Amino acid sequence: MAVKSNLSKAMLEKALGYLRKDPMANFPKLLKWAGKIPMEPGTRNQYELIKDAWENGGNWRELIEKILTEVDPHVRNTLIYNIGIHAGIEGAKELNIARKKYDRNIPWAILMDPTSACNLKCIGCWAAEYKKTDSMSYELLDDIIKQGKELGIRTYIYSGGEPTIRKADLIGLARKHKDCVFLAFTNGTLFDEAFAKEIQEVGNITFAISVEGFKKENDMRRGEGTFDKIMAGMDILKAHGIPFGFSTCYHSGNVDVVGSEEYIDLMIEKGCYFGWYFTYIPLGKDAVPELLANAEQREFMYHQLRKFRKEKPLFTMDFWNDGEHVDGCIAGGRRYLHINAAGDVEPCAFIHYSSANIHDVSLLEALGQPLFKAYREGQPFNQNMLRPCPLLDNPECLRKMVLESDVHSTQPLDKEDVRDLTDKTKKVAEEWSVVADRLWQNN
9 MAVKSNLSKA MLEKALGYLR KDPMANFPKL LKWAGKIPME PGTRNQYELI
59 KDAWENGGNW RELIEKILTE VDPHVRNTLI YNIGIHAGIE GAKELNIARK
109 KYDRNIPWAI LMDPTSACNL KCIGCWAAEY KKTDSMSYEL LDDIIKQGKE
159 LGIRTYIYSG GEPTIRKADL IGLARKHKDC VFLAFTNGTL FDEAFAKEIQ
209 EVGNITFAIS VEGFKKENDM RRGEGTFDKI MAGMDILKAH GIPFGFSTCY
259 HSGNVDVVGS EEYIDLMIEK GCYFGWYFTY IPLGKDAVPE LLANAEQREF
309 MYHQLRKFRK EKPLFTMDFW NDGEHVDGCI AGGRRYLHIN AAGDVEPCAF
359 IHYSSANIHD VSLLEALGQP LFKAYREGQP FNQNMLRPCP LLDNPECLRK
409 MVLESDVHST QPLDKEDVRD LTDKTKKVAE EWSVVADRLW QNN
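The sequence shown lines up with residues 9 to 451 when you count with the working numbering.
Here it is in structure tokens:
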């Protein structure tokens, strides 16, 4: 089996070389040779989806063609190999072995905050309750990645704060860990030509740029002038052949805009290959509960994203409404976890409770903390996969887990009691349950 796998990988490397010469003509060879490599069931499923998309044509074929012809060849080949071989095949196998060996959730990806500092102050930011002076050193970030790789984790995601404040460290880590894939959630205002050239050189970093709608909607939450800076940043990345996507928080004030065809078409025109949709979560004392999307608005987004996936050359995802595709909640280390800039290892970027800090314990030990065990025992939190979240959809689940797990709030500026937090989502959870159950029954 190992000999066959090594031979197949050698053939795949050869096929990647052919992509430089004629990507459109040689991509079928890449697919053919990739199919011969032994894969875990989940990876095989992803491979078959890509193969079908290529063979069946339509908007997904168009997206693949854009990747083949518009992304810088070095960046394209590096990402294909790292996602396909290092993360998808080798990493997936190592992860399954580690999960069985240690009997705990071990994530596919780690989300971590290099810094809590940010050059913007967005209304309702989920990270606003962290200190703005926290940061993890390059050495600590490097050590987390090393520990993760030993478990099979090959995907590392940055948030913050604003991670591109640490440009040099992001590039240094990508250069050192050539076998990993890096994604940074960024406000998109700090890109310049020099940074773009370094990104192009390392080849294994991509970006999800935060956008809240058109100029009016975006600048309402993020500040005057940010929309124009974001558009300029996208232009720089596109000119250098660097793949990127957008990250949009939808709320009661912008659903009609960010769920519109015009908005999606603008993102495609600017060069986006994917789009992450999140919904507003009312964290902390400065939260604005009125921004919570109601059930009607959330259902609108449910239908719109499925429509876009059928028609647009863009891969769109909804962190909540796509629970059916990942069997519910992915937090608590099941598929990802969050390490904030102070080192607290949290189950999710939106769940600010923990009993483990990466300065004091290993990654493996942090994955065994009581709250993570409670997540593992409770997942899925609802048999309706359109109600996946223990905070937004099943607040009683989060309340119970936190109160029974001996954790502390990781928000130094506002030690929010979980009972206060879950009280803010109880009403929308009840209203959404009626709609979600109808959608699930008709799914």
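Every residue, glycine too, gets a C-beta built ideally from N, C-alpha and C.
Nothing here was measured: the structure is a model prediction, and the numbers come from that model.
Identified DSSP bridge partners for residue i
{"i": "W284", "result": "S255 and M325"}
{"i": "I359", "result": "C356"}
{"i": "T194", "result": "I217"}
{"i": "V189", "result": "T163"}
{"i": "N365", "result": "D352"}
DSSP-derived helix/strand/coil call for residue i
{"i": "C126", "result": "coil"}
{"i": "T77", "result": "helix"}
{"i": "N85", "result": "helix"}
{"i": "M120", "result": "strand"}
{"i": "V11", "result": "Residue placement at V11 is flagged as unreliable, the pLDDT there being 42, under the threshold of 50; a coordinate-derived value is accordingly withheld."}
{"i": "A216", "result": "strand"}
{"i": "F389", "result": "coil"}
{"i": "T141", "result": "coil"}
{"i": "V402", "result": "First, the residue type needs correcting, since residue 402 is Asn and not Val in the sequence shown. If DSSP states are grouped into helix, strand and coil, N402 belongs with coil."}
{"i": "H416", "result": "strand"}
{"i": "G169", "result": "coil"}
{"i": "N226", "result": "helix"}
{"i": "N262", "result": "coil"}
{"i": "A339", "result": "coil"}
{"i": "P378", "result": "helix"}
{"i": "L291", "result": "coil"}
Buried or exposed by the 16-neighbour rule on C-beta atoms within 10 Å, applied to residue i
{"i": "Y110", "result": "exposed"}
{"i": "P49", "result": "exposed"}
{"i": "V11", "result": "The predicted model places V11 with a pLDDT of 42, which falls under 50 and marks its position as unreliable; any figure quoted below should be read in that light. Under this definition V11 is an exposed residue."}
{"i": "N250", "result": "Here the sequence assigns Ile to residue 250, which means Asn is not the residue at that position. I250 comes out buried."}
{"i": "M449", "result": "Checking the sequence shown, residue 449 turns out to be Gln, not Met. Result: exposed."}
{"i": "M9", "result": "Because M9 sits at a pLDDT of 44, beneath the cut-off of 50, its placement in the model cannot be relied upon, and the following sentence gives the value as read from the coordinates. So M9 ends up on the exposed side."}
{"i": "I289", "result": "buried"}
{"i": "G341", "result": "buried"}
{"i": "T433", "result": "buried"}
{"i": "L57", "result": "exposed"}
{"i": "R320", "result": "Per the sequence shown, residue 320 should be read as Lys rather than Arg. K320 is buried by the Cβ-count criterion."}
{"i": "S167", "result": "buried"}
{"i": "G292", "result": "buried"}
{"i": "D294", "result": "exposed"}
{"i": "N1", "result": "Residue 1 lies beyond the range of the chain shown here (9 to 451); nothing can be said about it."}
{"i": "L421", "result": "exposed"}
{"i": "H185", "result": "buried"}
{"i": "Y430", "result": "Checking the displayed sequence, the identity of residue 430 turns out to be Thr instead of Tyr. Under this definition T430 is a buried residue."}
{"i": "I105", "result": "exposed"}
{"i": "P355", "result": "buried"}
{"i": "T141", "result": "exposed"}
C-beta atoms of residue i and residue j nearer than 7 angstroms
{"i": "V189", "j": "T172", "result": "no"}
{"i": "L159", "j": "I114", "result": "yes"}
{"i": "K59", "j": "L39", "result": "yes"}
{"i": "I165", "j": "L119", "result": "yes"}
{"i": "Y361", "j": "V410", "result": "yes"}
{"i": "S413", "j": "P378", "result": "yes"}
{"i": "F35", "j": "L87", "result": "no"}
{"i": "C397", "j": "W328", "result": "yes"}
{"i": "A349", "j": "S143", "result": "yes"}
{"i": "F235", "j": "I272", "result": "no"}
{"i": "M309", "j": "Y258", "result": "yes"}
{"i": "F323", "j": "F282", "result": "yes"}
{"i": "A216", "j": "G261", "result": "no"}
{"i": "K301", "j": "V263", "result": "The identity of residue 301 in the sequence shown is Ala, whereas the question assumes Lys. Yes, Cβ-Cβ distance for A301 and V263 is below 7 angstroms."}
{"i": "A240", "j": "I213", "result": "no"}
{"i": "Y456", "j": "D326", "result": "There is no way to answer for residue 456, as the model of the chain reaches only from 9 to 451."}
{"i": "L394", "j": "G331", "result": "yes"}
{"i": "G45", "j": "I97", "result": "The question names Gly, yet the displayed sequence has Ile at residue 45. A contact, by the Cβ cut-off of 7 angstroms."}
{"i": "N226", "j": "E170", "result": "no"}
First and last residue of the uninterrupted alpha helix (DSSP H) at residue i
{"i": "I207", "result": "E201 to V210"}
{"i": "F235", "result": "T234 to A247"}
{"i": "I153", "result": "Y146 to L159"}
{"i": "T163", "result": "From DSSP, T163 is part of no alpha helix (DSSP H) but of the beta strand (DSSP E) over T163 to Y166."}
{"i": "H311", "result": "A303 to E319"}
{"i": "L299", "result": "Neither: L299 is in no alpha helix (DSSP H) and is coded neither H nor E."}
{"i": "N34", "result": "P31 to A42"}
{"i": "Q449", "result": "V426 to Q449"}
{"i": "N394", "result": "Checking the sequence shown, residue 394 turns out to be Leu, not Asn. Per DSSP, L394 belongs to no alpha helix (DSSP H) and is neither H nor E."}
{"i": "M275", "result": "E269 to K278"}
{"i": "G50", "result": "P49 to N64"}
{"i": "N104", "result": "A100 to Y110"}
{"i": "G180", "result": "K175 to K184"}
The beta strand (DSSP E) enclosing residue i, as first and last residue numbers
{"i": "H346", "result": "Y344 to I347"}
Residue i CB to nearest heavy atom of the ligand HEM below 6 angstroms
{"i": "F193", "result": "Here there are no bound small molecules, and the ligand HEM is not part of this structure."}
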